[in-house]
Amino acid sequence: MKNTMRLVKYNAWHKKHKRMFGVMAIHFNPGADEVLFLGEGWEGIAGKDVIPLEYISVKDKRGHEIYEGDVLMKESSRNNPRYKVTRKVYKEVKWIHTKRYLGFNIVKGDNQEIVGNIYENPELLKPHLQPK
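This note's numbering applies: residue 961 is where the sequence shown begins, and numbers increase by one.
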């Protein structure tokens, strides 16, 4: 029987420090109603201070893992770039360069590459789509 479980991994955006980090562990403390993130170079960060971004189990053409919030560019559109932003764990993305495309699935083998993310590179987004 084939194993159909997908790998669950996270990056997180630290709201206060404006920095992305890889999440090594997540600890839930229901009694204190808190979540603690442990990451690269961080002892622990309260859940209220971060935005978790899940790995969608797909890599770009260079082999980089695609996470929620990543901005992707389709290779066939370099002369007329079309950017898309990963929005949901279910591999749904939205084209933000043109209204013609409302969404589609990212699939392995697509000629797309990560060109940034909505937090570190908000200039890639139209003003009304930039994170607050």
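For glycine and all other residues, C-beta sits at the position ideal for the given N, C-alpha and C.
Predicted model, so just to flag it, every value in this text is computed and none were measured.
1. If I measure Cβ to Cβ from residue 1021 and keep anything under 6 Å in the same chain, skipping five residues before and after, which residues do I get?
2. Is it true that the CB of residue 1084 sits closer than 8 Å to the CB of residue 1031?
3. Whole angstroms are fine: how far does the CA of residue 975 sit from the CA of residue 1011?
4. Write down the C-beta distance between residue 981 and residue 989 rounded to the nearest angstrom, noting that I regard them as a contact closer than 8 Å.
5. Please confirm whether residue 998 and residue 973 have their CB atoms less than 8 Å apart.
Taking the structure as given:
1. Numbered from its first residue, the sequence shown carries residue 1021 at position 61. Counting only Cβ-Cβ distances below 6 Å, and skipping sequence neighbours, we find 1071, 1073.
2. As a first step, residue 1031 must be located in the sequence shown, where it is residue number 71. As a first step, residue 1084 must be located in the sequence shown, where it is residue number 124. Yes, these two residues count as a Cβ contact at 8 Å.
3. As a first step, residue 1011 must be located in the sequence shown, where it is residue number 51. As a first step, residue 975 must be located in the sequence shown, where it is residue number 15. Per the coordinates, the alpha-carbon of residue 1011 lies some 7 Å from the alpha-carbon of residue 975.
4. The count along the sequence shown starts at 1 and reaches residue 981 at position 21. The count along the sequence shown starts at 1 and reaches residue 989 at position 29. Actually they do not touch by this definition, with Cβ atoms about 20 Å apart.
5. Numbered from 1 along the sequence shown, position 38 holds the residue referred to as residue 998. Numbered from 1 along the sequence shown, position 13 holds the residue referred to as residue 973. No, Cβ-Cβ distance for residue 998 and residue 973 is not below 8 Å.
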